[in-house]
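In case it helps, the working numbering puts the sequence shown at residues 4 to 322. For each residue, glycine too, the CB sits at the ideal point set by N, CA and C.
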Amino acid sequence: MDPATSHTAPLATLPGHRHLDGAFQGSFAGTARDITVVYVRPWYRRREYYLDGWKDAVIWRAALVECVATACSIYISGQFGMTLMNSGITQFAAYVGIFNSVFLALFIYATATATGGHLNPMITFTTVLCGLTPVPRGLVLMTAQVLGGMLAGGALRGSWGHDRAISHMGGGNFFDPTQISAGQVFLTETMCSLSLLYLAIGTGIDPRQQVLYGRQLGPLLVGLSLGLVTSSTTGIAPGFTGACMNPARAIGLAIAGWNWHDHWIWWLAPACGSILISLMYGVVPPSHAEIDDSTANEGGQEVPGRGRGDNPGSRKASV
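In structure tokens:
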């Protein structure tokens, strides 16, 4: 490859990166997220954002891995929930926080280079709305994640048996309507989804943060974010398991316990959180301060894209 042009080629085609199916701007794999092309038009006005990639084998390979990884993660999460319920522990916020922090970080580390490491339709949907994950990749990954959740639900039901799965409500998302209303749960789920997304984008995807703590620390910080948010809601009302923030996990545990009571909450609330954070991301992107400083230094002239700090969809392609 010509050294003079290699810096402008897509990262997935560069030597040493051909194995990175998770090389896209919405990936949690920091080393695979170098931005090499910055567009003048915003993502929602670019035809290729909606159409390019349906026939790309890389995306379908990534989807297969994402499906398996999501199934494994939700299966382990469900087993942990069942273990807590059988242990007789009544105050388990600390257990949930520590488990989720380590659990999610390890799964992202194991999966990010192959798929981007989202493992959650809420994360993928948000990155699509933020212009970080093209629509074809996003839809394929979300489908794989939901399928993975359904597979995990069936496996959990088989592991526990019908009676235990039903009596323990699938080890997952449920609430007692005599203690907390559906509206309260919906608001809790929406705000927790918004909080987790804010932290995940800020620590796991924002390219400027790599300068502060390096490229490899992002997944750990995302895991800590999940641990913080989930542990804060596990004890707010008797009979409420806390925020879920993952529709794939919700459908998996619903299948395990065959509990569809107010199931819409676990889908609509994360979607609302995704829309809210993407609106903020669109109005005030993470690189807004750098763009303003650059414009001021250049006397108000538009500057070419400069790589990792650029906001996709705001300026011309760098050459």
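Return the chain-ordered list of same chain residues with a C-beta closer than 6 angstroms to the C-beta of G226, the five sequence neighbours on each side being excluded.
S104, L107, A108
Does DSSP classify I294 as helix, strand or coil?
With a pLDDT of only 49 at I294, under the threshold of 50, the placement of this residue in the model should not be trusted, and no figure is reported.
Three-pair Cβ contact test at 8 angstroms for the region 85-97 versus the region 199-213:
no
Taking only runs that begin and end inside the region 249-291, name each unbroken beta strand (DSSP E) of 3 or more residues, in chain order.
none
Cβ atoms of A246 and E328: under 8 angstroms apart, would you say?
Summary: the structure shown does not reach residue 328, with the chain confined to residues 4 through 322, and so no result is reported for it.
Around the C-beta of I280, are 16 or more other C-beta atoms found within 10 angstroms, so that it is buried, or is it exposed?
buried
Assess contact between the region 218-236 and the region 161-174, defined as three or more Cβ pairs (one per stretch) separated by less than 8 angstroms. Is contact present?
no
Where does L144 land, buried or exposed, given buried means 16+ other C-beta within 10 angstroms?
buried
Whole-angstrom C-beta distance between Q148 and E51, which should lie under 8 angstroms
Actually they do not touch by this definition, with Cβ atoms about 24 angstroms apart.
Which full runs of the alpha helix (DSSP H) of 4+ residues lie inside the region 78-129, going along the chain?
96-118
Return the residue from the list I92, H266, A96, A115 that minimises the CA-CA distance to A32.
A115
Where L135 sits in the DSSP three-state scheme
coil
Please report the residue range of the alpha helix (DSSP H) in which Q28 lies.
Taken as a continuous stretch (DSSP letters only), Q28 belongs to no alpha helix (DSSP H), as it is neither H nor E.
Taking the Cβ atom as the reference point for each residue, do L122 and G174 lie within a distance shorter than 8 angstroms?
no
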